[in-house]
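Accompanying notes for the structure given below.
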Amino acid sequence: MRLDRSGESTLNAFDVNAVEEALRVKESQEEAEVVVVSLGPARALDSLRKALAMGADRAVLVADEEAAGSDLVATSRALAKALEREQADLILFGQQSSDSDGAVLWAAVADRLRLPLISQAAELGIADGKATVKRQTEFGYDRIEAPLPAVVAVSDAINEPRYPSLKGIMGAKSKPQDAIGLTDIGLSADDVGEPGSRTEVLALGEPPARGESRKIEDDGSGAQQILDFLVEEKLL
Amino acid sequence: MPTLVFLEHHEGELQKGPLGVLARATSLEDGEVAGAILGAGAAALAEQAGSHGAAKVWVAEDPALEAPLPQPRVDVLAKVVEAGGYDTVLFAASVLAADVAAGLAARLDAGLNWDLVDLVREDGRLVGRRPALGDTVVVDVGWKGSPAIGIVRSGTFEPAETGGTPEVVEAPVELEDFSTRAAMLEQAHEEQAGPSIEDADVIVAGGRGLGGPENFALVEDLAKALGGAVAATRAVVDAGWYPYSAQVGQTGKNVAPKLYVACGISGAIQHKVGMQGSNVIVAINKDANAPIFEFSDLGVVGDLHQLLPKLTELVRARKGGQ
Numbered sequence: 179m180r181l182d183r184s185g186e187s188t189l190n191a192f193d194v195n196a197v198e199e200a201l202r203v204k205e206s207q208e209e210a211e212v213v214v215v216s217l218g219p220a221r222a223l224d225s226l227r228k229a230l231a232m233g234a235d236r237a238v239l240v241a242d243e244e245a246a247g248s249d250l251v252a253t254s255r256a257l258a259k260a261l262e263r264e265q266a267d268l269i270l271f272g273q274q275s276s277d278s279d280g281a282v283l284w285a286a287v288a289d290r291l292r293l294p295l296i297s298q299a300a301e302l303g304i305a306d307g308k309a310t311v312k313r314q315t316e317f318g319y320d321r322i323e324a325p326l327p328a329v330v331a332v333s334d335a336i337n338e339p340r341y342p343s344l345k346g347i348m349g350a351k352s353k354p355q356d357a358i359g360l361t362d363i364g365l366s367a368d369d370v371g372e373p374g375s376r377t378e379v380l381a382l383g384e385p386p387a388r389g390e391s392r393k394i395e396d397d398g399s400g401a402q403q404i405l406d407f408l409v410e411e412k413l414l
Numbered sequence: 002m003p004t005l006v007f008l009e010h011h012e013g014e015l016q017k018g019p020l021g022v023l024a025r026a027t028s029l030e031d032g033e034v035a036g037a038i039l040g041a042g043a044a045a046l047a048e049q050a051g052s053h054g055a056a057k058v059w060v061a062e063d064p065a066l067e068a069p070l071p072q073p074r075v076d077v078l079a080k081v082v083e084a085g086g087y088d089t090v091l092f093a094a095s096v097l098a099a100d101v102a103a104g105l106a107a108r109l110d111a112g113l114n115w116d117l118v119d120l121v122r123e124d125g126r127l128v129g130r131r132p133a134l135g136d137t138v139v140v141d142v143g144w145k146g147s148p149a150i151g152i153v154r155s156g157t158f159e160p161a162e163t164g165g166t167p168e169v170v171e172a173p174v175e176l177e178d179f180s181t182r183a184a185m186l187e188q189a190h191e192e193q194a195g196p197s198i199e200d201a202d203v204i205v206a207g208g209r210g211l212g213g214p215e216n217f218a219l220v221e222d223l224a225k226a227l228g229g230a231v232a233a234t235r236a237v238v239d240a241g242w243y244p245y246s247a248q249v250g251q252t253g254k255n256v257a258p259k260l261y262v263a264c265g266i267s268g269a270i271q272h273k274v275g276m277q278g279s280n281v282i283v284a285i286n287k288d289a290n291a292p293i294f295e296f297s298d299l300g301v302v303g304d305l306h307q308l309l310p311k312l313t314e315l316v317r318a319r320k321g322g323q
């Protein structure tokens, strides 16, 4: 059994931040190419086209039916193989996928690629062959530096993504869009999907319902009613 | 079935989240439960880990582990898992733990399930429970092969002091060259006005409905009167009204206090997933149709600029009169 996440045909909102940041890096460099890489069903090319419309130069999609239902271990395996072909200096990830709450993929990919990793980037600077990142944690902001090539996962607060222009949208269609298969990246069906995964969904259930909820209009006694409620719940 | 728990520490203290995971792992009674404490001051924390349920504590204080960066920790844990024969490795959710757990999963080709809100043993196999698809369903998840790696949602399990003295073992430190390339230039040392929101029993949170950053004073006053901490939604953090460290939600912290007072918060999924584990939720919002009222225990439709100062006064009066 697996959770079907293949319904997504729009570019994940968090990935838009990563695309925007890549374009800003490109604009700050003398020469750079922005490639968007994804793993998904063939129709995911539609969502990659939005990245091309924003200004990315090229799209690569590992489109293989066998890869559906891949968990973290299998997804990171395929993605790392696809990224290896690109030999990129900087690999950017969005903060999370919009349909699963996990914010973990980049660390698995960085380990497979044997590259330094910085996550939760609130600011990114690229200069002198190094990435310098202001990272958000529970304790505030760290500043971390890593030599390129490196993997950086950006937060959704890092930038305000641009909207694709009409010209960009028209131009996106003629940009290179490669749909490649597992064999192109040296993997077989056993490496991905259910056979390549190390986790499984055993059962689906309903979330536990909360108790009775009470709603009142404030007629001037609202504050007193909250106080009475807190006392009743032994919170005061 | 020996289990290893990653015990994160910050400024000389073991974090409450991983101690809670340690308590749960111990209660599953599967066999040895060990902890791993990595970084400066690790050895000094081993006793505390022992009294919270760890029979064995792996410690490493290599300089490369001083900054809270994930990759050297993956190297050490991978060796510890091998040396100790652990078939389960558990983490409490945090920025650091997520990166360490996912790196370890890739290194060991092991399954990782995250955002777990429960862990049980069913017919001899470990089963995790995880809310999914915007918390509309709870999924039972399992692992294939060994080790099973899990990240537990913060605030899920309470630490338990069981007493006991641990066996303390030096963890092998053999670092990969790429693991030490990222370097900490400046580590966060944030001054916190009140208790950290993850450890607070009472949280008063403010959202866009406050109208402006200056109105956070109303939230702070109530939090102070209740002896609690202040939290914020992503919308107001993004707008610069309040620091990120106070952010509750999908891209912030998950909290589960005894009391959560939501002020001017609509209750979007982004926020809901971070606070729905709270015991009692009180919501104040001027919009009677705000989704927050669907999952609050007491909802008050009204103007928080009137309500909050009054409530603060009433709480102060009651506490003063006791």
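One line per chain: the protein sequences are A and B, in this order. The opening residue of the first sequence carries number 179 in this note's numbering; numbering runs sequentially from there. The opening residue of the second sequence carries number 2 in this note's numbering; numbering runs sequentially from there. Using N, Cα and C, we set each Cβ at its ideal position, and we do this for glycine too. Predicted model, so just to flag it, every value in this text is computed and none were measured.
- Task: Identify each residue in the segment 346 to 378 of chain A for which the Cβ-Cβ distance to at least one residue of chain B is less than 8 angstroms, and report them in chain order.
- Result: Ser375, Arg376, Thr377 and Glu378
- Give the residues of chain B in contact with lysine 433 of chain A, contact being defined as C-beta atoms less than 8 angstroms apart. Here chain A covers residues 179 to 414 and nothing more, so residue 433 of chain A does not appear.
- Query: Hey, quick one: how far does the beta strand (DSSP E) through glycine 129 of chain B stretch, first residue to last?
  - Reply: Glycine 129 of chain B -> beta strand (DSSP E) spans 126 to 133.
- Message: Would alanine 305 of chain A pass as an interface residue toward chain B - the criterion being a Cβ-Cβ separation below 9 angstroms?
- Response: no
- Since tyrosine 243 of chain B sits in a beta bridge, which residues does DSSP pair it with? DSSP output for tyrosine 243 of chain B lists no bridge partner at all.
- Task: Quick one: which residues of the segment 248 to 268 of chain B get their C-beta closer than 7 angstroms to a C-beta of chain A? List them in chain order.
- Result: Gln251, Thr252, Lys254, Lys259 and Leu260
- Query: At a cut of 8 angstroms, does the segment 103 to 110 of chain B reach the segment 119 to 135 of chain B through at least three beta carbon pairs?
  - Reply: no
- Best match in A/Leu414, A/Ile269, A/Thr377 and A/Glu199 for proximity to leucine 326 of chain A [C-alpha to C-alpha]: A/Ile269
- Message: Can you tell me whether leucine 91 of chain B is buried or exposed? The criterion is at least 16 other CB atoms within 10 Å of its CB, across all chains shown.
- Response: So leucine 91 of chain B ends up on the buried side.
- Task: For phenylalanine 92 of chain B, write down the residues that DSSP places opposite it in a beta bridge.
- Result: B/Ile152
- Item | Members of the segment 309 to 324 of chain A that neighbour chain B once the beta carbon cut-off is set at 7 angstroms | Gln314, Thr315, Glu316, Phe317, Gly318, Tyr319, Asp320, Arg321, Ile322, Glu323 and Ala324
- Going by beta carbon distance, what residues of the same chain come within less than 8 angstroms of aspartate 369 of chain A, once the five residues before and after it are set aside? Ala252, Arg255, Ala256 and Leu360
- Query: If you run the structure through DSSP and keep just helix, strand and coil, what is valine 203 of chain B?
  - Reply: strand
- Sort B/Asp288, B/Thr157 and B/Arg209 by Cα distance to glutamate 395 of chain A and report the nearest one. B/Asp288
- Query: In the DSSP assignment, what are the bridge partners of phenylalanine 7 of chain B?
  - Reply: In DSSP, phenylalanine 7 of chain B forms a bridge with B/Ala37.
- Find the residues of chain A that neighbour proline 71 of chain B, judging by a C-beta separation of less than 7 angstroms, and give them in chain order. Ala285 and Leu295
- Message: 9 angstroms is my cut-off, CB to CB: does lysine 320 of chain B come that close to chain A?
- Response: Yes, lysine 320 of chain B lies at the interface with chain A (some Cβ there is under 9 angstroms from its Cβ).
- Message: For leucine 309 of chain B and glycine 218 of chain A, I'd like the C-alpha separation in whole angstroms.
- Response: 49 angstroms
- Assigned exposure category for asparagine 280 of chain B - 16 Cβ within 10 Å defines buried: exposed
- Spatial distance of alanine 226 of chain B from leucine 219 of chain B (CA atoms): 11 angstroms
- Message: Rounding to the nearest angstrom, what Cα-Cα distance links methionine 185 of chain B and isoleucine 322 of chain A in this structure?
- Response: 5 angstroms
- Message: For valine 287 of chain A, which residues in the same chain have their Cβ closer than 8 angstroms to its Cβ, ignoring the five residues on either side in sequence?
- Response: Ser254, Leu257, Ala258, Leu261, Ile269, Phe271 and Val329
- Query: Would asparagine 337 of chain A be called buried (16 or more neighbouring beta carbons within 10 Å of its own) or exposed?
  - Reply: buried
- Please check the pair leucine 113 of chain B and leucine 250 of chain A, which I expect to be a contact at CB under 8 angstroms, by giving their CB distance rounded to whole angstroms. 5 angstroms
- Can you tell me which of the three DSSP states glycine 112 of chain B falls into? strand
- Task: Would you kindly work out how many angstroms separate the C-alpha atoms of serine 276 of chain A and glycine 210 of chain B, rounded to a whole number?
- Result: Residue placement at serine 276 of chain A is poorly supported in this model, since its pLDDT is 49, which falls under 50; the coordinates are not used for a value here.
- Considering only C-alpha positions, which residue in the set B/Lys311, B/Val301, B/Lys17 and B/His11 is nearest to threonine 157 of chain B? B/Lys17
- Item | glutamate 314 of chain B: first and last residue of the uninterrupted alpha helix (DSSP H) it sits in | 305 to 322
- Does any CB atom of chain B fall closer than 9 angstroms to the CB of phenylalanine 407 of chain A? At a cut-off of 9 angstroms between beta carbons, phenylalanine 407 of chain A contacts chain B.
- Query: Within 9 angstroms (strictly less), CB to CB, does valine 203 of chain A reach chain B?
  - Reply: no
- Query: What span of residues does the alpha helix (DSSP H) with glutamate 262 of chain A cover, start to end?
  - Reply: Here the alpha helix (DSSP H) through glutamate 262 of chain A covers 250 to 264.
- Length of the line joining the Cα atoms of aspartate 31 of chain B and aspartate 76 of chain B: Between aspartate 31 of chain B and aspartate 76 of chain B, the C-alpha separation is close to 26 angstroms.
- Message: Is the beta carbon of glycine 165 of chain B closer than 9 angstroms to that of alanine 56 of chain B?
- Response: yes
- Item | Cβ-based contacts, 9 angstroms cut-off: residues of the segment 174 to 187 of chain B near chain A | Within the segment 174 to 187 of chain B, the residues whose Cβ lies closer than 9 angstroms to some Cβ of chain A are Glu177, Asp178, Phe179, Ser180, Thr181, Arg182, Ala183, Ala184, Met185, Leu186 and Glu187, listed in chain order.
- Message: Could you check whether the Cβ of arginine 340 of chain A sits closer than 9 angstroms to any Cβ belonging to chain B?
- Response: Any Cβ of chain B closer than 9 angstroms to the Cβ of arginine 340 of chain A would place that residue at the interface, and such an atom is absent.
- leucine 223 of chain A vs alanine 357 of chain A beta-carbon contact at 9 angstroms: yes
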